[in-house]
């Protein structure tokens with residue numbers, strides 16, 4: 001029980017959040033107890049954050065990662081890309097390479113708020129085994145290292161826009177895997193504004209997107225269609241289930257059923273005699 005904040009007792013008439021107003025980033029004394037009567041209470045010092053949304057998103061990401069791992073018997077990983085700027089790159093780097101031992105992966109870009117172009121993330125997911133090294137002791141090592149060579153599925157929804165449109169568009173164009181979910185927002189443009197002397201800013205969209213392969217305007221005003229369309233079922237959501245994630249995992253499991261991770265066996269060691277020349 002939270003009994004007091006900075007010496008102010010909490011009652012039914014005092015809202016907990018009201019007592020914390022203006023205290024983000026500052027040291028706050030909180031009185032906690034095992035019972036509401038204050039017996040056995042103790043005081044701790046905490047530094048509140050301004051918003052809990054980041055913690056909630058992280059909890060959601062970790063729940064999804066654990067679900068994917070369990071539903072694929074440990075064969076697949078999960079990464080959420082919240083945007084196509086620094087946050088998204090950081091999250092991709094942190095989660096993708098840490099799960100490079102997996103056979104496949106679910107790339108979740110739902111609610112992607114955009115940013116820049118993600119072609120380099122696509123290139124990372126398109127890597128194929130190119131060479132191998134045989135250490136004197138231990139198993140063979142394949143390069144490029146820290147890569148997932150197996151099947152991949154992307155999740156997208158109607159709240160994915162701008163760079164969040166481009167990401168699934170490239171994913172489909174380069175046939176990295178299937179996109180599951182809903183059609184994206186449809187705002188794939190670039191906008192560069194001008195600063196004003198009063199500190200304001202004027203912006204207008206001035207870079208339009210077209211597909212050089214077809215020489216036609218694309219994505220803006222429509223979005224990117226998924227290969228498999230599925231709603232986020234609100235009734236299942238109330239039960240703690242994610243219908244879109246479940247469908248993506250089902251699709252990934254189909255591919256994993258026939259996928260065999262590439263293995264590399266070192267050739268017989270040569271007998272090296274003499275000096276110089278090839279052996």
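Numbering (my numbering), first residue to last: 1 to 279. Backbone N, C-alpha and C define an ideal beta-carbon position, used for all residues, glycine too.
Expressed to the nearest angstrom, what Euclidean distance is found between the alpha-carbon atoms of residue 78 and residue 61?
8 Å
Can the beta-carbon of residue 50 be found closer than 8 Å to that of residue 24?
yes
Where does the unbroken alpha helix (DSSP H) through residue 245 begin, and where does it stop?
Per DSSP, the unbroken alpha helix (DSSP H) holding residue 245 starts and ends at 243 to 256.
Please name the residue, chosen from 81, 168 and 241, that lies closest to residue 225 on a Cα-to-Cα basis.
The residue with the shortest Cα to Cα distance from residue 225 is 168.
Within 10 angstroms of its Cβ, does residue 185 collect 16 or more other Cβ (buried), or is it exposed?
buried
Would you identify the three-state DSSP class for residue 59, choosing helix, strand or coil?
helix
Once DSSP output is grouped into helix, strand and coil, what is the label at residue 121?
Residue 121 falls in the helix class under three-state DSSP.
Between residue 124 and residue 196, what straight-line distance do the alpha-carbon atoms span, to the nearest angstrom?
A straight-line Cα-Cα distance of about 40 Å links residue 124 and residue 196.
Among the candidates 26, 64, 272 and 55, whose CA atom is the shortest distance from the CA of residue 46?
26
Around the Cβ of residue 114, are there at least 16 other Cβ atoms within 10 angstroms (buried) or fewer (exposed)?
buried
Endpoints, the beta strand (DSSP E) within which residue 155 is located
152 to 156
Run through the DSSP bridge pairs and tell me what residue 228 is partnered with.
DSSP, once it has assigned bridges, lists 180 as partnering residue 228.
Just confirm the distance between the C-beta atoms of residue 48 and residue 20, as a whole number of angstroms; I'd bet it's less than 8 Å.
Right, the Cβ-Cβ distance comes to about 6 Å (below 8 Å), so this counts as a contact.
Sequence-distant residues of the same chain with beta carbon closer than 8 Å to residue 83, five excluded per side
The beta carbon of residue 83 is closer than 8 Å to those of 112, 113, 114, 115, 163 and 164 in its chain, skipping five residues each way along the sequence.
Have a look at the DSSP bridge pairing and note the partners of residue 80.
108
Ignore the nearest five residues each way along the sequence and tell me which others in residue 108's own chain have a CB closer than 6 Å to its CB.
Here the set comprises 80 and 155.
Under a Cβ-count criterion, where at least 16 other Cβ atoms within 10 Å of its own Cβ denotes burial, should residue 161 be classed as buried or exposed?
buried
Anticipated Cβ contact below 8 Å, residue 153 with residue 252, distance rounded
5 Å
Tell me which same chain residues have a C-beta within less than 7 Å of the C-beta of residue 100, skipping the five on either side of it?
Excluding the 5 residues flanking it on each side, residue 100 has same chain C-beta neighbours closer than 7 Å at 146, 147 and 148, in chain order.
Look at the Cβ atom of residue 264, then the Cβ atom of residue 140, and state whether they are nearer than 8 Å.
Their beta carbons are under 8 Å apart, which means residue 264 touches residue 140 by this criterion.
Against chain B, with Cβ distances strictly below 8 Å, would residue 74 count as a contact?
Chain labels in this structure do not include chain B; a single protein chain is all it has.
What do you reckon, are the CB atoms on residue 181 and residue 244 nearer than 8 Å?
yes
Helix, strand or coil, according to DSSP, for residue 88 in the structure here?
helix
Which residues in the same chain as residue 33 place their Cβ atom closer than 8 Å to its Cβ, once the five residues preceding and following it in sequence are excluded?
Annotation for residue 33: 1, 3, 39, 40, 41 and 42 place their beta carbon closer than 8 Å to its own, counting only its chain and skipping 5 residues before and after.
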